[in-house]
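Everything on this sheet refers to the single structure shown next.
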Amino acid sequence: MTDIVEKLYRTGDLTNEEFSALIKTDDESAAELLKKYADETRRKYYGKKVFLRGLIEISSYCKNDCLYCGIRRSNKSAERYRLSREDILSCCKNGYELGFRTFVMQGGEDSFFTDEIMADIISEIRRSYPDCAITLSLGERSRESYKLFKEAGADRYLLRHEAASPELYSRLHPAELSLENRKECLFALRELGYQVGAGFMVGAPFQTVDHIICDLRFLQQLQPQMIGIGPFIPHHNTPFAEEKGGTLELTLRLLGILRLMFPRVLLPATTALGTIAPNGRELGLMTGCNVVMPNLSPVMVRKKYDLYDNKICTGEEAAECRGCLQRRIESAGYEIASERGDCVSFHNA
Ligand code: 5AD
Ligand code: FES
0 MTDIVEKLYR TGDLTNEEFS ALIKTDDESA AELLKKYADE TRRKYYGKKV
50 FLRGLIEISS YCKNDCLYCG IRRSNKSAER YRLSREDILS CCKNGYELGF
100 RTFVMQGGED SFFTDEIMAD IISEIRRSYP DCAITLSLGE RSRESYKLFK
150 EAGADRYLLR HEAASPELYS RLHPAELSLE NRKECLFALR ELGYQVGAGF
200 MVGAPFQTVD HIICDLRFLQ QLQPQMIGIG PFIPHHNTPF AEEKGGTLEL
250 TLRLLGILRL MFPRVLLPAT TALGTIAPNG RELGLMTGCN VVMPNLSPVM
300 VRKKYDLYDN KICTGEEAAE CRGCLQRRIE SAGYEIASER GDCVSFHNA
């Protein structure tokens with residue numbers, strides 16, 4: 000099995016059979032070697048740097064009904080909120096003072112945030128913080144809308160593809176959502192000059208190793224600047240309440256594989272990973288991750304952005320998360336980089 004890891008390290012690719020064997024193996028020495036090479040590779044391109052992204056969760060209203068997600072529209076017990084323009088700008092101000100140079104505005108698909116309203120907020124942030132990157136994570140919108148946001152000053156867009164297998168995609172989403180449209184959005188974003196992030200959940204209900212290989216192949220095709228993966232965690236008010244969650248081991252295995260397949264990619268140690276294990280994010284950093292996304296949302300609303308159960312950091316102020324993460328990053332042997340943190344392979348940013 001270690002020869003498969005050697006091959007992945009040397010060539011950045013494997014056959015489907017080899018990927019399958021590496022994903023499934025319980026060979027400890029292969030897992031250790033994968034971790035070692037993943038860390039070596041991230042250090043080669045990024046050194047010890049860990050980039051911070053300040054996450055502002057702008058709305059928990061969502062018109063979609065993804066079966067796994069706690070803020071799906073059918074969840075009538077979800078508490079809904081949306082931040083005002085002033086709330087969002089004050090999160091940015093707070094974040095800037097704490098050293099953040101990337102703001103990520105994420106939310107459910109909330110029709111309150113029309114193109115005009117969103118473009119106005121983006122241009123205001125662009126004007127106030129010319130040295131910061133503006134990232135959006137607002138789901139599927141029209142190409143025109145993406146274009147308008149780009150012109151208003153957005154640099155990056157995060158849109159996990161969620162599942163590249165049409166069969167799995169349709170078991171995780173209602174019929175009105177399609178993988179085809181999701182992919183079109185991602186290719187449109189790339190074409191418009193955004194730095195793009197895609198990704199998927201690990202251990203989602205019905206997910207098999209073949210589905211995961213399908214995700215890896217799709218990522219090879221898209222070549223995103225960022226890849227966000229984290230364990231699926233059941234939410235008690237969704238149809239998947241009784242399903243098993245994704246494991247720490249499989250998530251780390253895939254993070255290591257992704258680092259070797261995409262040596263220069265930005266790879267976040269996600270909040271979901273920190274939720275399933277107290278040291279999950281530190282282990283992620285030691286397995287190739289180089290980004291963390293601390294929460295900048297007002298503490299008042301944090302519990303309401305309730306995608307999955309037991310989400311961490313919902314009681315902390317932004318400054319506390321910043322301090323907590325700094326300690327965690329340093330304890331894992333890395334250091335916070337106070338810069339925008341663009342992907343080293345992205346040249347037309
Ligand atoms: N468990 C883990 N991740 C989830 N997401 C949504 N619901 C869950 C869940 N139950 C992820 C999706 C989405 C991102 C914002 O959060 O992949 O793209
Ligand atoms: Fe938010 Fe530790 S990162 S409290």
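Counting from 1, position 201 in the sequence shown corresponds to residue 200 in numbering that gives the first Met the number 0; the numbering is continuous, with no gaps.
From the three backbone atoms N, C-alpha and C, an ideal C-beta is built for every residue, glycine too.
Since the model is a prediction, treat every value here as computed from it, not as a measurement.
In this structure, DSSP gives residue 87 a helical state, which the three-state scheme calls helix. The DSSP-derived three-state label of residue 96 is helix. Counted as a single uninterrupted DSSP element, the alpha helix (DSSP H) harbouring residue 10 occupies residues 1–10.
Contact fails between the segment 289–299 and the segment 232–251, because fewer than three Cβ pairs, one in each stretch, are under 8 Å apart. The beta carbons of residue 283 and residue 272 sit closer together than 9 Å. Residue environment analysis places residue 111 among the exposed positions, since fewer than 16 neighbouring C-beta atoms fall within 10 angstroms of its C-beta. For residue 80, there is no enclosing beta strand (DSSP E), since its DSSP letter is neither H nor E.
Those residues that bring their Cβ nearer than 5 Å to a heavy atom of the ligand FES are 312, 315, 320, 323 and 324. For residue 122, the enclosing alpha helix (DSSP H) has its first and last residue at 114–127. Counting only runs of 3+ residues, the beta strand (DSSP E) found wholly inside the segment 209–251 occupies 225–230, in chain order. The C-beta of residue 34 has 16 or more other C-beta atoms within 10 Å across all chains shown, which makes the residue buried. Of the candidates 143, 203, 174 and 47, the residue whose Cα lies closest to the Cα of residue 340 is 47. Secondary-structure assignment with DSSP links residue 155 through a beta bridge to 134 and 194.
The beta-carbon distance between residue 287 and residue 40, rounded to whole angstroms, is 7 Å. This is short enough to meet the 8 Å contact definition. In the DSSP assignment, residue 311 falls outside any alpha helix (DSSP H), carrying neither H nor E. Residues of the same chain with a CB within less than 8 Å of the CB of residue 115, apart from the 5 flanking positions on each side, do not exist.
Residue 167 is positioned such that its CB atom lies closer than 9 Å to that of residue 210.
In this structure residue 269 does not touch residue 232 by the C-beta definition: roughly 11 Å separates them, more than the 8 Å allowed. Judged by DSSP secondary structure, residue 299 falls outside any beta strand (DSSP E) and instead within the alpha helix (DSSP H) spanning 298–301. Here residue 105 is bridged, per DSSP, to 56 and 136.
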